[in-house]
Amino acid sequence: MISLTINGLPVAVEEGSTVLEAARFLGFPIPTLCHMEGLSPYGACRLCVVEIGEGPKARLVSSCTFPAQEGLVVRTASERVLRARRMVIELLLASCPQSKTIQDLAAKHGVHRQRFRQEHEDCILCGRCVRMCEEQMMAKAIGFRGRGDRRSIGTPFDEKSEVCRLCGGCMYVCPVCELRCTYSEPDKVVCGGCANLSPPCIEKDKFHDMMCFLDPCVACEIEKD
Amino acid sequence: MSKLSSPGDLSALRRTLVAARDPNKPGLVVCAGTACQASGSSQIVLAAKKHLLERNLLKRVSLRVTGCHGFCEMGPFVLTQPQNAFYAQVKAGDVPRLIDALLAGTYVEELLYRDPSTGVRYRNRDEIPFFKQQQRAVLGSNEKIDPTRIWDCIANDGYLGLERALGHVDRSWVVEEVKRSGLRGRGGAGFPTGRKWELLAERKDRAAKVLVCNADEGDPGAYMDRSILEGNPHSIIEGMLIGAYGTGATQGFVYVRDEYPIAIRHLEIALDQAREVGLLGQDILGAGFSFDIKVAKGAGAFVCGEETALIRSIEGKVGEPRQRPPFPVERGVWGQPTAINNVETWANVPIIFRLGAEAYAKVGTKNNAGTKVFSLVGKIKNTGLVEIPLGVSIGDVVMKIGGGSPSGAKIKAVQTGGPSGGCIPASRFDLSIDYESLGAAGSIMGSGGMIVMDENTCMVDVAKYFMNFLRSESCGKCLTCRKGTQRMHEILEDIASGKGTLAHIDLLEELAQVVKDTTMCGLGQTAANPVLSTLRYYRHEYERHVVDKRCDAFVCEELVGAPCQSACPVGTEAWRYVALLEQGKLEEAYKVIRASNPFPSICARVCDRKCEQRCRLGASGEKPVAVRALKRFVVDRVDPSCYRPPVRLRVADQKVASVAVVGAGPAGLTAANELALFGHRVTVFEADDHPGGMLLSAIPPYRLPRDVLQKEIDAILKNVEVKCGARLGRDLTIDELLAEGYQAVFLAMGAHRSARLGLSGEDVAGVISSLDFLRAFNLDRRVLARGRVGIVGGGNSAVDAARVALRCDGVESVTLLYRRTRQEMPAYAEEIEAAIEEGVQLQTLVSPVALASREAKLTGVRCIKNTLGDFDGSGRRKPVPIAGSEFDLDLDTLIVATGETPDIDYLPDMAVPVDKAGRLVADVATGATRRPGVFCGGDVLSGPNTVIDAIAAGQRAARAIHRYVQGQDTREVAEPRRPSVYVPAPGGNGADGAMPRLHHRLQPLDVRKSSFVEAELGPTEEEARREARRCLRCDLKFTQPAQAAKEEQR
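One line per chain: the protein sequences are A and B, in this order. Quick note on the working numbering: the first sequence kicks off at 340 and runs consecutively. Quick note on the working numbering: the second sequence kicks off at 16 and runs consecutively.
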């Protein structure tokens, strides 16, 4: 067992655990995007950064990939962590505003604007699909191509893959296209609507625990009437 | 060749090889590093071989083709032995002469290296400043070794370190020795090499241990690893062998990028030869250890220099970093324990064992032992590889070894550490080069790139360049690195193209900090350094880009437009009138000139020509277009009445005000003129009897004929009222002016207080200021100088005084005394030249230290000689007095021209604040002082300055005053000045910048020496038209696309 301190609380975890696992074991929330249980840690989205060490040597690391070490001191919500996290969300939002996951993250972390040139991409290159295909489906049909800002995910040379079984696992795990945010205010990139309001459809007296699953959610329209 | 089976065999072989050599045999050494091959060293080698064969000299002269010697600027070059003469930039045809001279024991003087700044030729290579200041422990062996011959290497102490290491049966001694040496990783991070080896040696895994040489050198402008691999690959092999012996590793890799074909070839030859003699393979030298090295070729991804990405790349996977820990020493290539060191680190290992750790550690400083190779590139005289002990100052490397700036432009910064590093400004050139100091200054040691930047380098552009590089070289795994570098590049693009705001800078800084904080690998963590370090030291440049929309280095195209136009303080469209002149449309050309400048004829004679200094033709190595001469051609031939000022339509609710202008110099008159055109009532108060200010009192008539001056002043006086003989502080006060109904006051009194020498006895007769001297002459034709005249100073005022004195009766001789050298004189070069031609004696590097007088009359000056010392913060070398070099100069008159300051002691009493240094406190952009309604401009605000700057200050203030009286914000929103009017490009032969520049013609010497007629002659029509055709027409890039679109619509 390895003992470390997270936000001042001591915790002992098994050797080989990550800092993320240790923090979640204690119940500290750390947002993640590229992390998924059952897939190997990857550390691409940098959303799960935490601060380790003390004094001038303190630094940020991705908790999903950083191994828990004896005596490690971790802070999961220091000012530095939150600032970095908000910038990560702002960067995500600038690229993929139509992802409900990202919009919800923005709302939750108080990111109310994005200041970069707006893009409308469908992929944040978190690599969940790639790892899903390789590690769970044993297919390796898709992978990363290119580097830098030309990096993309797809089959080799964009040819139809012979090993793909069309299982759909890649789409299932995608955090960006699983749910589309349908802007309540299309002129604004950050809507934050859904996460800021608790949807009226889960209020007991009105809907008897029923969720409508309408896509787009028309909750707001109902309330107006 | 039988294999060497013991260290004894190796040393016996070395002894045999050394004995077979004659150190005094004449020999030619030709560098065939990549840089020298590019500049033609292959031809030199061929020519040498041919000559040696034809003359049958093969037995008498040896020829060695080696790797890089470091002085790439001078390639291709030939080093002769044993003379050690360095022939620079040799051509194939020169080779026979060199060989003949070598055999005769003489030198070909004209081909010997000549120091461009001092003109001295050196016979001995080691005396050349570039080499003399270096300590070439690693690079030094390159010139002794033909890299394709292992014998050469062994004879020159190659594998001697290995031999010594194998002498110790206890392998841990090897690791301890490296630890004692204090060697730190030369790849940039500076991790102690011995510690790394120790960690590897301690591993008790079953898996075989691996050593890797990281030769994935990808920093732009850095090539020291390449030159070591090319020139001395055996040093790497030897270093790795010693490492293998010490750590128990059995497998080695050299990860080298495929773009280094010569390095790979030489390395592979070296590996084959080492295997052949038994230095690689099983049971090496009978010491019971086995080791072999493979070459792994990288495809050129920058990120593969990061060790975890490099490991993946060796394994055949995509080069993509992973989380550390586990570190490579725990889990490296194929999961085996691995130690990765940089090429230069490996090359240092044999030196440690050859010299002993103690001797090695003596070089450099305490925690930074040994030498480091830097590739010195950029705006520097001596481009090349330099090797210095750690702890030497940056300034020494840049100035002493690098030789300073090649163009004379001020060196601004050096960028160290490539894209991951940062910029260190010239003000911190005293910083010692070691891992800690560079880190504290916001940069890194890096692998050793050192890019020198001068004032023509825009720091925003530098950051943009590196961000563009990193954006495409990031592996793309981490969001913050992939998107962060892309977004930083976008923001920098916006700033560089004039779309930036202050919010852009804040966002950039915020993002850079997060990218640095959150990214996984070294590339990403340092990717923000170019931005952060430029922001740290050059934030004002960023702000200049976003607030004033100006790029002072004239690099960012969208902000510069046509450089001649944006360099001009009043924004004259120089390109436009030059183009119109070329078409013969002189009146139109005049209108263009006059539209932005109320004193065209004056500026055509005395302007300091910022347009020419920034002309692209000049920047590209040709002579700039002679813009001022062309302006002179136009204004001399066109009747000024053709220009009608634009009719400014009176806006219904525009307020008309009365404005008082104090001072009728160029700034005051310009402001008065502009304000009058806005429709305001203007009164100018002038202390002297005539309006004109410094134009009249300081500029001598042979530069600016009085009739030309008077005409342009008179033209302005048509619109404004002038009251002469009214001096602020004596005859009027600001309160009075405001009480009299003037809503605004513009102060433009100029700078009239002359600086003093600060020597005792300065008040005797015969010591006068240049202002007083020129003024007495220009206004009243009184001559205050007589006999032997000395002038102290190096500015235009000094040269003017000298040339006027020379023309005066009663003056016997004129001597100009300046404390620095002629290159540093601020006066215009052609004025200095004309002065010398006319007979002014110039004495440079002298300063007066005492005055001698008799009966309150000056009799002489005691001067001291100076030498140029260290570089000060401004990048200029300080004059340092040479003790005991005093000498006496007999003089009857000493004119002091060491600068002027405004004479404004009375202003604080008028509620206009003046700072501690006696300068007006005012907003430079508008001229607004702290007192509402009171503006200022010209020399009174800026200190002594040029005419055109005074005119510009007058215009700025006039616009600000106009807005002030309208009740608007005085600051205007800056817009980039881009060419907007399309003037077709010349047809026919078109532009030809390669034609010689217009020859600057003067009156015959005897006419000019004895009279005050205008010294400079204007160009003839043919000359002017030809000169105008030299213009590169930078404007077309901006105007042509719009024009083409317009024509398409039609």
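A virtual CB, placed ideally from N, CA and C, is assigned to each residue, including glycine.
Return the chain-ordered list of same chain residues with a C-beta closer than 8 Å to the C-beta of residue i, the five sequence neighbours on each side being excluded.
i                 : result
PRO525 of chain A : Because PRO525 of chain A sits at a pLDDT of 47, beneath the cut-off of 50, its placement in the model cannot be relied upon, and the following sentence gives the value as read from the coordinates. Excluding sequence neighbours, PRO525 of chain A sits near nothing in its chain.
HIS519 of chain B : ILE506, ASP509, ILE510, VAL561
THR516 of chain B : VAL561
ASP445 of chain B : SER408, ILE409, GLY410
LEU774 of chain B : PRO863, VAL864, ALA865, LEU866
For residue i, which residues in the same chain have their Cβ closer than 7 Å to its Cβ, ignoring the five residues on either side in sequence?
i                : result
ARG29 of chain B : ILE169, ALA170
To the nearest angstrom, how far is the alpha carbon of residue i from that of residue j?
i                  : j                  : result
GLY48 of chain B   : ALA103 of chain B  : 15 Å
GLY406 of chain B  : PHE101 of chain B  : 28 Å
ILE251 of chain B  : SER242 of chain B  : 12 Å
CYS509 of chain A  : LYS499 of chain A  : 15 Å
VAL593 of chain B  : GLU1063 of chain B : 27 Å
LEU300 of chain B  : PRO22 of chain B   : 6 Å
LEU127 of chain B  : MET89 of chain B   : 11 Å
GLY942 of chain B  : GLN858 of chain B  : 39 Å
SER356 of chain A  : ALA480 of chain A  : 29 Å
LEU873 of chain B  : SER828 of chain B  : 15 Å
VAL512 of chain A  : MET471 of chain A  : 8 Å
LEU1051 of chain B : LEU430 of chain A  : 38 Å
Find the residues of chain A that neighbour residue i, judging by a C-beta separation of less than 7 Å, and give them in chain order.
i                 : result
VAL333 of chain B : PHE483
PRO340 of chain B : PRO406
LEU526 of chain B : MET426
May I ask which residues mark the beginning and end of the alpha helix (DSSP H) holding residue i?
i                 : result
MET426 of chain A : 418-434
SER712 of chain B : 709-712
CYS438 of chain B : Unbroken run through CYS438 of chain B is the beta strand (DSSP E), 437-440; no alpha helix (DSSP H).
VAL515 of chain A : No alpha helix (DSSP H) holds VAL515 of chain A; DSSP gives it neither H nor E.
Tell me where the beta strand (DSSP E) around residue i begins and ends.
i                 : result
SER491 of chain A : 491-493
LYS309 of chain B : 307-313
ASN544 of chain B : First-last for ASN544 of chain B: 544-558, but that is the alpha helix (DSSP H), not the beta strand (DSSP E).
LYS427 of chain B : 426-431
ASN483 of chain B : Where ASN483 of chain B is concerned, there is no enclosing beta strand (DSSP E), although the alpha helix (DSSP H) it sits in stretches over 474-488.
PHE483 of chain A : 482-484
GLN442 of chain A : Premise fails: GLN442 of chain A lies in the alpha helix (DSSP H), 439-447, not in any beta strand (DSSP E).
THR913 of chain B : Run containing THR913 of chain B: none; DSSP gives neither H nor E here.
PRO894 of chain B : 892-896
THR344 of chain A : 341-345
ASN157 of chain B : ASN157 of chain B -> no beta strand (DSSP E), and no H or E assigned at all.
Please list, in chain order, all residues of the same chain as residue i whose beta carbon is under 6 Å from its beta carbon, the five residues on each side excluded.
i                 : result
ARG272 of chain B : ASP231, GLY313, GLY315
ARG818 of chain B : ALA850
PHE481 of chain B : PRO434, PRO545
Taking C-beta pairs closer than 7 Å, name the residues in chain B that residue i reaches, listed in chain order.
i                 : result
ALA351 of chain A : The contacting residues do not exist; ALA351 of chain A stays about 19 Å from chain B at best.
At 8 Å on the CB atoms, spell out the chain A contacts of residue i, in chain order.
i                : result
VAL80 of chain B : Correct list: empty, because the minimum Cβ distance to chain A is about 38 Å.
Give the residues of chain B in contact with residue i, contact being defined as C-beta atoms less than 8 Å apart.
i                 : result
VAL427 of chain A : LEU494, THR495, VAL529, THR533
SER434 of chain A : LYS498
Mind pulling the chain B residues with CB within less than 9 Å of residue i?
i                 : result
GLY508 of chain A : Per Cβ cutoff of 9 Å: no residues; GLY508 of chain A is ~21 Å from chain B at best.
ASP488 of chain A : ARG486, SER487, SER489, GLY491, ARG497, LYS498, THR500, GLN501, HIS504
GLY347 of chain A : Simply none; closest approach about 22 Å.
ARG422 of chain A : GLU525, GLN528, VAL529, ASP532
ALA445 of chain A : Those do not exist, as ALA445 of chain A stays about 14 Å from chain B at its closest Cβ, beyond 9 Å.
Given that residue i touches chain A, what residues does it touch there, using C-beta distances under 9 Å?
i                 : result
LEU522 of chain B : ARG454, PHE455
What does residue i reach in chain D if we use C-beta pairs closer than 7 Å?
i                 : result
ALA316 of chain B : In the displayed structure, chain D is absent; the protein chains listed are A and B.
Discussion item. Taking beta-carbon pairs under 9 Å, can you tell me which members of the stretch 485-517 of chain B lie near chain A?
Written reply: LEU485, ARG486, SER487, GLU488, SER489, CYS490, GLY491, LYS492, CYS493, LEU494, THR495, CYS496, ARG497, LYS498, GLY499, THR500, GLN501, ARG502, HIS504, GLU505, ILE506, ASP509
Discussion item. Taking beta-carbon pairs under 7 Å, can you tell me which members of the stretch 395-412 of chain A lie near chain B?
Written reply: LEU399, SER401, THR404, PHE405, PRO406
Worksheet entry | Proximal residues, the stretch 463-476 of chain A versus chain B, C-beta separation under 7 Å | ILE463, LEU464
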